[in-house]
Structures are given as C-alpha cells and as structure tokens.
Amino acid sequence: MELEILLLTVVSLLSHANGAKYELSVADEDIFSSCNSPDPGTLDINGLMDLSELSTSMSAEGVTISGNATLIWDINLEDRVQMNTNLLYFDRGTWTPTAFSMVSKDFCKSMYDKNQYYYKYWTGYITNDIQDKCINVPGTKIIHKTFTLSLTANVMGPLREGTYKAQLMLRAYDATGIERPTRICLEIRGDLFKV
Ligand SMILES: *[C@@H]1O[C@H](CO)[C@@H](O)[C@H](O)[C@H]1NC(C)=O
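Counting from 1244, one number per residue, gives the positions in the sequence shown under my numbering.
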C-alpha cells in the first residue's frame, strides 16, 4: 500500500545530508498496522482506502506494490488535512519517542511536491490525474504503476540500529477549523540497519 511509502517517509525525513546510509526492513508485507489503543473515532488504513485491488509482495529489493487503491475516508474536498509523522524506537520493551517528527499542516498542498518523501515513495507512481482530489474525495481510484520500495536513506547524525515504528496521523478540518469526527492512524514497523 502506499503507506509503505510513508514509512520511507520517515526514513527519508532524516535523509538530508551525506551521512551514513541506512536501510529499513519492513516487518510486515501488509506494511501498515493499526495504532495501539487509539481514541474513539480513530480509523486504520482500512478507513482511509480500500486496498482490495492493491497487492504487495516482499523480496530482497524491498516491497513491490502494484494495483489500485480507492479512497473511502469520509471527509470533504475543501477540508484541510494535517499529517503528523513520528518515529519511535523500541527500547527494552517500550516504544520511546525519537527526535524525528514532522508535521505537514496542509498535506494536500504538498502531496505531489517532488521534494517530499511521499512523492518519492508513493505519489510519484500515481498514473491517473487525480491531483485536485488529494485524499479527500471518497470513491476516487488511485492507479499506480508497479514499483518497488527500497527503504534506504542517507541519514545525517547517528541513528541506533534496531526496531522502529513510524506513526502517521491524518486529521481533517472543515472550513471553520472543526475537526472531522474520524481520523486515520497508521503504523509502519521495521528494523533499521546500517548498510
Ligand atoms: C486498476 O484500475 C485500472 C483502471 O480502472 C484497471 O484497468 C486495472 O485492472 C486495475 N487493477 C487492478 C489490479 O485491479
């Protein structure tokens, strides 16, 4: 699923300089897990899109993604979508926050921006012209060309090898700033290695 992409996101988030190269090996072919004990109104990937026409498979090169996804999140085209990304490290049995976090206050403005990690790992592979719909119009079909996510990134500054998860939270706000009754929380888990 495209979300995998997001995972990369997290990694590439960190990827500005000529630091060490890291690879994230995703723990689950389905890529996205649900968040633990979410607040009421919090949905997982299946609340964002219908993935029944999407397939993923894992190989040594990464996760290969093909097919389509259909949006189902019940929000409006005019809504502002905010995305928060946080990276957590699994330290002796506990998920602990890291310094890596990112907020995209208006995801729709940058969804197809070539400088964004989600373009590199996901939206750059969308072949149909749905840019004006963002992720806001239920029923919109997202058609991809087949691609392989290689989760490598150059990271500035030291990172501990080990188990990580990226947590992505999407919230939608109407024109008056009131949050919609549902939000989307996704996690991507994987092991980080220096390569
Ligand atoms: C994706 O959508 C296109 C266009 O509707 C269709 O031709 C294709 O068969 C779909 N792919 C899958 C895997 O369902």
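Virtual Cβ for every residue (Gly too), placed ideally from N, Cα, C.
If you're wondering where the values come from, they're calculated on a predicted model, not measured in any experiment.
Can you tell me whether Thr1370 is buried or exposed? The criterion is at least 16 other CB atoms within 10 Å of its CB, across all chains shown. As a first step, residue 1370 must be located in the sequence shown, where it is residue number 127. Looking at its Cβ environment, which holds fewer than 16 other Cβ atoms inside 10 Å, Thr1370 is exposed.
Please classify Lys1388 as buried or exposed, where buried requires at least 16 other C-beta atoms within 10 Å of its C-beta. Indexing the sequence shown from 1 puts residue 1388 at position 145. With fewer than 16 Cβ atoms within 10 Å of its Cβ, Lys1388 is classed as exposed.
Please check the pair Trp1338 and Lys1408, which I expect to be a contact at CB under 8 Å, by giving their CB distance rounded to whole angstroms. As a first step, residue 1338 must be located in the sequence shown, where it is residue number 95. As a first step, residue 1408 must be located in the sequence shown, where it is residue number 165. With a Cβ gap of about 7 Å, Trp1338 and Lys1408 count as contacting.
According to the neighbour-count rule (16 or more other Cβ atoms, all chains shown, within 10 Å of its Cβ), is Arg1335 buried or exposed? For the purposes of this step, residue 1335 is taken as the residue at position 92 of the sequence shown. Exposed is the call here.
Are there three or more Cβ pairs, one per stretch, closer than 8 Å when the region 1294–1302 is compared with the region 1311–1323? yes
Measure how close the beta-carbons of Asn1379 and Val1324 come, nearest whole angstrom, since I'm counting them as under 8 Å. Position 136 of the sequence shown, counted from the start, is the residue given in the question as residue 1379. Position 81 of the sequence shown, counted from the start, is the residue given in the question as residue 1324. Asn1379 to Val1324, Cβ: 7 Å. Contact.
Could you tell me which of Met1301, Ile1427, Tyr1368 and Asp1356 sits nearest to Met1292, measuring between CA atoms? Counted from its first residue, the sequence shown places residue 1292 at position 49. Of the candidates Met1301, Ile1427, Tyr1368 and Asp1356, the one whose C-alpha sits nearest the C-alpha of Met1292 is Ile1427.
State the Cα-Cα distance for the pair Ser1258 and Asp1372, rounded to the nearest angstrom. Taking the sequence shown and counting its residues from 1, one reaches residue 1258 at position 15. Taking the sequence shown and counting its residues from 1, one reaches residue 1372 at position 129. With a pLDDT of 44 at Ser1258, under the threshold of 50, the predicted position of this residue should be treated as unreliable, though the coordinate-derived value follows. Their Cα atoms are separated by approximately 29 Å.
List in chain order: all unbroken beta strand (DSSP E) runs of 3+ residues lying wholly within the region 1276–1322. 1297–1302 and 1305–1314
Out of Leu1330, Tyr1265, Trp1316 and Ser1268, point me to the one whose CA is closest to Gln1410's CA. Working through the sequence shown from its first residue, we reach residue 1410 at position 167. Checked all of Leu1330, Tyr1265, Trp1316 and Ser1268; the closest Cα to Gln1410 is Leu1330.
Identify whether Gln1410 lies in helix, strand or coil by the three-state DSSP scheme. In the sequence shown, residue 1410 corresponds to position 167, counting from 1. Three-state result, Gln1410: strand.
Per-residue burial, Met1244 [other beta carbons within 10 Å of its own, 16 or more giving buried]: Translated into the one-based positions of the sequence shown, residue 1244 becomes position 1. Confidence in Met1244 is poor, its pLDDT being 37 and thus under 50, which makes the residue's placement unreliable; the coordinate value appears in the next sentence. Burial call: buried.
Bridge partners - Ile1369, DSSP secondary structure assignment: Numbered from its first residue, the sequence shown carries residue 1369 at position 126. His1387, per the DSSP bridge assignment.
Other residues of its chain near Lys1341: CB distance less than 6 Å, five sequence neighbours each side excluded: Within the sequence shown, the letter at position 98 stands for residue 1341. Residue identity check: residue 1341 is Thr in the sequence provided, not Lys. Around Thr1341: Leu1330 and Tyr1332.
Any heavy atom of ligand 1 closer than 8 Å to the CB of Ile1369? By 1-based counting over the sequence shown, the position of residue 1369 is 126. Flag unset: Cβ of Ile1369 not near ligand 1.
Can you tell me which of the three DSSP states Cys1428 falls into? Taking the first residue of the sequence shown as 1, we reach residue 1428 at position 185. Cys1428 falls in the strand class under three-state DSSP.
Confirm, please, whether the CB-CB distance from Glu1321 to Ala1418 is below 9 Å. For this step, residue 1418 is matched to residue 175 along the sequence shown. For this step, residue 1321 is matched to residue 78 along the sequence shown. Against a cut-off of 9 Å, the Cβ pair of Glu1321 and Ala1418 comes out as a contact.
Burial state of Arg1346, where buried means 16 or more other Cβ atoms lie within 10 Å: What you label residue 1346 is simply residue 103 of the sequence shown in a count that begins at 1. Note that residue 1346 corresponds to Val in the displayed sequence, not to Arg. With fewer than 16 other Cβ atoms within 10 Å, it is exposed.
Is DSSP giving Asp1349 helix, strand or coil here? Position 106 of the sequence shown, counted from the first residue, corresponds to residue 1349. Three-state DSSP puts Asp1349 in coil, outside helix and strand.
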